[in-house]
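> In this text, residue positions in the first sequence follow our numbering: the first is 27, and each later residue adds one. No residue lacks a Cβ here, since even glycine has one placed at the ideal position from N, Cα and C. Starting off with a structure, shown below.
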Amino acid sequence: MFVPFFREFQQFQPQQWEQPQPQPQLLVPQAQPQSLQPQSRQAFRDSRNRLACHDNPHLSQQSVSGPIHDFGLESQSTFHGGDCAHSESMAVAPVRDDRRIVLHLDYDCFYASVFEVEQPALKSQPLAVQQKQIVVTCNYEARRRGLHKLQLIKDAKRICPEVVIVLGEDLTKFRDASKEIYHFIRSFIWGGRVERLGFDELSLDVTEMIDYNVELLNRNDMTTSFFHLNRNDPTVGFTYDATRYHGCTYPPSEGESPTLASSDPSTLEMRLLVGSHLMAYLRSQLEYEKGFTATGGISTSKLLAKLVGSVHKPNQQTTLVPPYEFTSDGKESNVIQFIDAHEIRKIPGIGSRLAQKLRTRVAEKNAGEEEMTVRDVRLCPGISPPLLEKTLGGPGAAKGIGQRIWGIIHGVDNTEVIEGRDLPTQISIEDTYGRGRLDSPESVRRELTVLAKSLLRRMRTDLLDKGDGNEEQPRWLAHPRTLRLSTRPRNAPETDGVRTYNANRISRSAPLPSLVFNLDESIDSLAERIVQDHVMGMFRRLHAEKSGWDLGLMNIAVTNMVESAGDQKQSSGRDIGKMFQQQESILRQWTVHESDDHLARKPEPEVLEESDSGWQDGDEDEDHDAPLLSIECNLCGAPIPHFAQQAHELYHASAEV
DNA sequence: TTGGAACAG
DNA sequence: AATTCTGTTCCAA
């Protein structure tokens, strides 16, 4: 049986168990007089951003209701009026939706960390991960000695002769570690709202978890609050101090005590603050359970959380604190302040091409050339969504690009956190080749066979559903329908002027022969066959027989995944079961088990009996006999099983920053 | 559906 | 500047 470690039990009224209600799909603050707002909507109104007013000298800061210039914004904009003569052509600042709380996690020097976890002795050494002639990443010990990402191995060795170099061309272990961390973090997050970006970044939409916990805050005892990680089991969670942010803030807190301006539990500030504690908990769990440190950002969108996260690295976290909008008493919007200072190229979603186009356009009006910040773009005379659409649009450009960039330069990103998929949309294997390595058709065939073998192995590890450990034959979870071969010439066509980026891959595709799904045939023989019968044909389509092709890269991929029918429910059901099991085993450390010693000190709260059946099932019987060796944290008073002590100390230690 | 461009780490 | 080895999304044909 459990004895819940649960400090705020008196708050737990039965009707609160259903909280929070699903939030209305209300994207826009309605322009209603405050007095008409129902009290229950007040929290939304307060925490939501209204107009992102900006300091364009052409615009007055006074908000005036008036005609709406709709530049394709799905949401309504309040008109920012001022000088009437110009107002007709004036662009309207987009509206940010600040109802969500988004956490962004970025594992510190991920590839290097994978090796350090494998081999802890490496932690104290300068460590670089090599792919071909390049240091793709290195640990911070190496960075302290002047090494950095994407540095030539030559230079690295010269600058730091003691550097330990490990080969990282095979991404298998990174992919595996990435997946494991993803599932680990996702097991904490309600609704599975976790999006992967590359191997080493996650965005988490934790709105539901935050709203639920903010509702349950006890305003009379904020310093020993309890964060609930499980709606069905009030013993699961951690204690935290809800009078202060965990970790760094942007802007930095000034006074000695960075306490909350307002302890109103429904403000954006309180939601971000609670989010900062969840972030700290997740990071400490990640470090203790998996050995990876991560950098965190806390805000209301993927864009802002990611950007603010990178303010303090590594192994730290930063919260972008309110006000997110201009206030009546003249306080600046921290969002605008923050994003304004960034170089446009540094903004996620603005790559080299868009940055280039923006620079040339804005530079026409501005004197400044090389350095161009978001502020320069935002304050560019005449700038507006249609203008951006015109300058950034063109053949191939994404539709609505002007509106998107308009939002981004105002710190507005309303894109959703997408639930991670269980299957990739494509699997590709590539290698680069030095001079003379790919001279003959025979050598090409040989290398393509090597790639094909890797690809087939990847298909079997990633697309196959090995039964539940039984003797059942594995089943394909998805069938890619297309096979693609891409190549890149060695000599990047260094053409005239500014035009050249690395767009120099060419490809051919063909239907993927279904024989690759035959599990009875060996990968080696399968690879020989498809290279001979299919891939070489594609290669000939790409490169005429005679001409001396000079290739620096070859890539083969399977794309166009079609998920196998029928198995959907089964597999997702199993996933959830696994997730739950994992979460239970992780969270168990925070649940204090019955013991005479403990019962004597902390009698079971009476309220527990009412809801006893609600959250308890018999799963934990195996722990019944486990001896309890717990201590009490002298900082927050939480009882901690000994084996969780280190994690708990980490949690407090990172609070000091 | 195919092939490429642009984005990301 | 582009280097590695991937991966996603979008567009035009």
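(1) If we ignore side chains and look at the alpha-carbon of each, how far apart do Leu242 and Leu148 end up?
(2) Is the distance from the Cβ of Val361 to the Cβ of Gly301 below 7 Å?
(3) Flag this pair as yes or no: are the beta carbons of Val337 and Leu474 separated by less than 7 Å?
(4) In angstroms with no decimal places, state the Cα-to-Cα distance between Asp448 and Ala117.
(5) For the beta strand (DSSP E) that Pro411 lies in, which residues bound it at each end?
(6) Can you list, in chain order, the residues of its chain whose CB lies under 7 Å from that of Met587, leaving out five sequence neighbours each side?
(7) Using the three-state DSSP reduction, which class does Thr293 fall into: helix, strand or coil?
(8) Using DSSP's beta-bridge definition, name the partner residues of His505.
(9) Considering only residues of the stretch 176 to 231, which uninterrupted alpha helix (DSSP H) runs meet the minimum length of 4 residues and lie entirely inside it, listed in chain order?
(10) Hey, quick one: how far does the alpha helix (DSSP H) through Gln145 stretch, first residue to last?
(11) Which whole runs of the beta strand (DSSP E) in the stretch 450 to 520 are 3 residues long or more, in chain order?
(12) Within the present structure, is the beta-carbon of Tyr307 separated from the nearest heavy atom of the ligand MN by less than 6 Å?
(13) Which residue wins for smallest C-alpha separation from Ile370, given the options Ile549, Arg387 and Gly493?
(14) Expressed to the nearest angstrom, what Euclidean distance is found between the alpha-carbon atoms of Glu295 and Leu255?
(15) What is the rounded straight-line gap between the Cα of Arg297 and the Cα of Phe364?
(16) In its own chain, which residues sit with a C-beta less than 7 Å from the C-beta of Ser469, not counting the 5 before and 5 after it?
(17) Could you tell me which residues DSSP puts in a beta bridge with Gln580?
(18) Under 6 Å Cβ to Cβ from Ile185, same chain only, skipping five residues before and after it: list those, please.
(19) Verify whether the separation of the beta carbon atoms of Gly419 and Ile427 is less than 7 Å.
(20) Output needed for Ser367: all residues of its chain with C-beta closer than 8 Å, excluding positions within five of it in sequence on either side, in chain order.
(21) Could you give the distance in angstroms between the alpha-carbon of Ser540 and the alpha-carbon of Asp546?
(22) Suppose you measure from the CA of Asn530 to the CA of Ser512; what does that come to, to the nearest Å?
(23) Could you compute how far the alpha carbon of Lys175 sits from the alpha carbon of Gln342?
(24) Please list, in chain order, all residues of the same chain as Thr441 whose beta carbon is under 7 Å from its beta carbon, the five residues on each side excluded.
(25) Quick check on the burial criterion: 16 or more other C-beta atoms within 10 angstroms. Buried or exposed for Glu142?
(26) Quick check on the DSSP output: the alpha helix (DSSP H) that includes Tyr238 runs from which residue to which?
(27) Alpha carbon to alpha carbon, what distance is there between Gly563 and Thr344?
(28) Among the residues of its own chain, which have a CB less than 7 Å from the CB of Val140, if the five just before and after it don't count?
(29) Which value, in whole angstroms, describes the spacing of the CA atoms of Leu228 and Arg122?
(30) Would Asp576 and Arg483 qualify as a contact pair, given that the criterion is a beta-carbon distance under 7 Å?
(31) Where does His254 sit, in a helix, a strand or coil, going by DSSP?
(32) If you reduce the DSSP assignment to three classes, tell me which class Gln342 lands in.
(33) So, with DSSP's three-state summary, where would you put Ser535?
(34) From this set, Ile435, Ala138 and Val262, which residue's C-alpha is nearest Ile376's C-alpha?
(35) Do Val161 and Gln151 have their C-beta atoms closer together than 7 Å?
(36) What are the partner residues of Cys274, as DSSP defines its beta bridges?
In this structure, then:
(1) Position 216 of the first sequence, counting from 1, holds the residue named residue 242. Position 122 of the first sequence, counting from 1, holds the residue named residue 148. In a straight line, the C-alpha of Leu242 is about 44 Å away from that of Leu148.
(2) If you number the first sequence from 1, residue 361 lands on position 335. If you number the first sequence from 1, residue 301 lands on position 275. Not closer than 7 Å, so no.
(3) Mapped onto the first sequence, residue 337 falls at position 311. Mapped onto the first sequence, residue 474 falls at position 448. Cβ distance not < 7 Å, so Val337 and Leu474 don't count as in contact.
(4) Indexing the first sequence from 1 puts residue 448 at position 422. Indexing the first sequence from 1 puts residue 117 at position 91. If you take the alpha carbons of Asp448 and Ala117, they lie about 42 Å apart.
(5) Within the first sequence, numbered from 1, the residue matching residue 411 stands at position 385. Where Pro411 is concerned, there is no enclosing beta strand (DSSP E), although the alpha helix (DSSP H) it sits in stretches over Pro411 to Leu418.
(6) Reading the first sequence from its first residue, position 561 is the one you call residue 587. Cβ neighbours of Met587 beyond the five flanking positions: Leu449, Thr451, Ala504 and Pro506.
(7) Taking the first residue of the first sequence as 1, we reach residue 293 at position 267. In this structure, Thr293 counts as coil in the three-state DSSP scheme.
(8) Translated into positions along the first sequence, residue 505 becomes position 479. Its beta-bridge partners are Val588.
(9) 179 to 185 and 198 to 212
(10) Mapped onto the first sequence, residue 145 falls at position 119. Premise fails: Gln145 is in no alpha helix (DSSP H) and is neither H nor E.
(11) 453 to 458 and 504 to 515
(12) Ligands in the displayed structure: none, and consequently the ligand MN is not present.
(13) Taking the first residue of the first sequence as 1, we reach residue 370 at position 344. Of the listed residues, the one whose Cα sits closest to Ile370 is Arg387.
(14) Sequence index remark: in the first sequence, residue 295 carries index 269 (1-based). Sequence index remark: in the first sequence, residue 255 carries index 229 (1-based). Near 20 Å, if we compare the C-alpha coordinates of Leu255 and Glu295.
(15) Along the first sequence, one-based indexing puts residue 297 at 271. Along the first sequence, one-based indexing puts residue 364 at 338. The alpha-carbon atoms of Arg297 and Phe364 are separated by roughly 19 Å.
(16) As a working mapping, residue 469 is identified with position 443 in the first sequence. Hits under 7 Å: Arg463.
(17) Taking the first residue of the first sequence as position 1, residue 580 is located at position 554. Note that residue 580 corresponds to Met in the displayed sequence, not to Gln. DSSP lists Asp457 and Thr513 as partners of Met580.
(18) By 1-based counting over the first sequence, the position of residue 185 is 159. These residues qualify, in order along the chain: Gly172.
(19) Against the first sequence, residue 419 aligns to sequence position 393. Against the first sequence, residue 427 aligns to sequence position 401. Yes, they are a contact pair.
(20) For the purposes of this step, residue 367 is taken as residue 341 along the first sequence, with counting starting at 1. Correcting the residue identity first, residue 367 is Ala in this sequence and not Ser. Hits under 8 Å: Thr399, Val400 and Arg401.
(21) By one-based count along the first sequence, residue 540 stands at place 514. By one-based count along the first sequence, residue 546 stands at place 520. Going by the C-alpha atoms only, they are around 13 Å apart.
(22) In the first sequence, counting from the first residue as 1, residue 530 sits at position 504. In the first sequence, counting from the first residue as 1, residue 512 sits at position 486. Going by the C-alpha atoms only, they are around 10 Å apart.
(23) Along the first sequence, one-based indexing puts residue 175 at 149. Along the first sequence, one-based indexing puts residue 342 at 316. Cα to Cα, the separation comes out at about 20 Å.
(24) The residue given as residue 441 occupies position 415 in the first sequence. Closer than 7 Å at Cβ, skipping near neighbours: Lys328.
(25) Start at 1 with the first residue of the first sequence, and residue 142 comes out as number 116. With 16 or more other Cβ atoms within 10 Å, it is buried.
(26) Position 212 of the first sequence holds residue 238. Segment Thr233 to Glu241, the alpha helix (DSSP H) holding Tyr238.
(27) Residue 344 sits at position 318 when you count from the first residue of the first sequence. Residue 563 sits at position 537 when you count from the first residue of the first sequence. One C-alpha to the other measures close to 53 Å.
(28) As a working mapping, residue 140 is identified with position 114 in the first sequence. Answer for Val140: Lys199, Phe200 and Ala203, listed in chain order.
(29) Looking up residue 228 in the first sequence gives position 202. Looking up residue 122 in the first sequence gives position 96. In a straight line, the C-alpha of Leu228 is about 22 Å away from that of Arg122.
(30) As a working note, residue 576 is residue 550 in the first sequence. As a working note, residue 483 is residue 457 in the first sequence. Taking 7 Å as the Cβ cut-off, Asp576 and Arg483 do not qualify as a contacting pair.
(31) Within the first sequence, residue 254 is the residue found at index 228, counting from 1. His254: strand per DSSP, three-state reduction.
(32) By 1-based counting over the first sequence, the position of residue 342 is 316. Three-state result, Gln342: coil.
(33) Taking the first sequence and counting its residues from 1, one reaches residue 535 at position 509. Strand.
(34) For this step, residue 376 is matched to residue 350 along the first sequence. The shortest C-alpha separation from Ile376 is found at Ile435.
(35) Against the first sequence, residue 161 aligns to sequence position 135. Against the first sequence, residue 151 aligns to sequence position 125. Result no, Cβ atoms of Val161 and Gln151 do not sit closer than 7 Å.
(36) The residue given as residue 274 occupies position 248 in the first sequence. DSSP output for Cys274 lists Thr344 as bridge partner(s).
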